[in-house]
Ligand SMILES: Nc1ncnc2c1ncn2[C@@H]1O[C@H](COP(=O)(O)OP(=O)(O)OP(=O)(O)O)[C@@H](O)[C@H]1O
Ligand SMILES: [Mg+2]
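In the numbering used here, the protein residues as written are 2 to 384.
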């Protein structure tokens, strides 16, 4: 779990700066500090107190340190003069950063306090980006996520980063009440309890943070998306991202991704775009994190596998055969095709996930397609 930080300040900019260090930080009032100081009060890992413009160290901080010596105390001060230093030491303060406060100063101070709390192993995040519209990226992301969730129940979260018009929920037969937009609008409130309320558990056991049905209201910058994705990888064994290829902010926020998969087919336009996207992603995240998957493969296509690899400059990690009927039926049913394991395409997803995470999804019996059911799914359910 990432460190949990309470920040006593009314300065939103300071809040943003602390979150940029990658921790979960909620801003609280001075009264909240008095509550935290009570014996028996649940403790965060660190309390940061913004002293700028304050007369001195609040007595509640000293009380908190007496009652909860293990809680880290960090001060933000205009400058650290000898009188303040003495007062801070008496109060049991562990760290102090002074103006001008930088993200790296803050990060180092927090790290000194919570270094041992960082999880030895963060969850893996797998991001999927289509090189061209309709290439089959969501199909790959949804089936990968479903296979991971089937193999290790409760292990996997799928995040649809197509904030306003993503369709992962349709593929999964889910009708989420809350969305990735709610999460991004409330990154400062992210904790396990709040987050659990936002995600929906789909029929296969996969958790989904879906796209929103309402128009995008927020201006979601990279810091917000990164904070959300860091949180996700801190609480899930696997996080699978469906990333919109034309959203430069989302594409620039994938720092927590263990692997980034560019999804391509054997069409000239796709391969050329993939080469451009690969160059940008390689520069941003490094070659080792960048991978290529080829979907809707066609043995008779003029553009062969080697041509794709040579043009894009990345080896193909996996191929998925073409089966339009099966892919379409699965989407119409809202039941990922990897669940019905006897088809070549389903087997390809199972094999992919085995290579990716060393896990094997159990194969289920195919469900008969009930075409009549599709009409009920055409319009979203009224909330
Ligand atoms: N392996 C496949 N074989 C045949 N058809 C496929 C395959 N994978 C996906 N499709 C079909 O291709 C269409 C587009 O798939 P999908 O929505 O996954 O693509 P996408 O890249 O996510 O599209 P968008 O750009 O709209 O996000 C769907 O009709 C889907 O059923
Ligand atoms: Mg898609």
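Ideal Cβ placement from N, Cα and C applies to all residues, glycine included. Nothing here was measured: the structure is a model prediction, and the numbers come from that model.
- Boundaries of the alpha helix (DSSP H) harbouring residue 140: 138 to 152, taken from the DSSP string.
- With fewer than 16 other Cβ atoms from the protein chains shown falling within 10 Å of its own Cβ, residue 284 counts as exposed.
- In this structure, residue 131 has its CB closer than 7 Å to one or more heavy atoms of ligand 2.
- Among the bridge pairs identified by DSSP, residue 321 is matched with 296.
- Residue 133 counts as buried, since at least 16 other C-beta atoms from the protein chains shown sit within 10 angstroms of its C-beta.
- Bridge partners of residue 97 according to DSSP: 76.
- Just measuring C-alpha positions, the residue of 130, 265, 96 sitting nearest residue 248 is 130.
- Taking 8 Å as the cut-off, the beta carbon of residue 206 is found closer than this to the beta carbon of residue 154.
- Exclusion of the five residues before and after residue 42 leaves 36 as the residues of its chain whose Cβ lies within less than 7 Å of its Cβ.
- According to the DSSP assignment, residue 126 belongs to the beta strand (DSSP E) that extends over 125 to 131.
- With a cutoff of 8 Å on beta-carbon distance, residue 306 and residue 295 are scored as near each other.
- For residue 251, the shortest separation between its Cβ and any heavy atom of ligand 2 does not lie below 7 Å.
- A residue is called buried when at least 16 other Cβ atoms come within 10 angstroms of its Cβ; residue 191 meets this threshold and is buried.
- The residue among 145, 76, 240 with its C-alpha nearest the C-alpha of residue 111 is 76.
- Taking each of 159, 49, 200 in turn and checking the Cα distance to residue 178, the smallest one comes out for 200.
- Using a C-beta cut-off of 8 Å, the segment 96 to 108 makes no contact with the segment 225 to 240, since fewer than three inter-stretch Cβ pairs fall below that distance.
- Annotation: residue 166 is outside any alpha helix (DSSP H) and is labelled neither H nor E by DSSP.
- Inter-segment contact for the segment 253 to 268 and the segment 132 to 147 is present: three or more beta-carbon pairs are separated by less than 8 Å.
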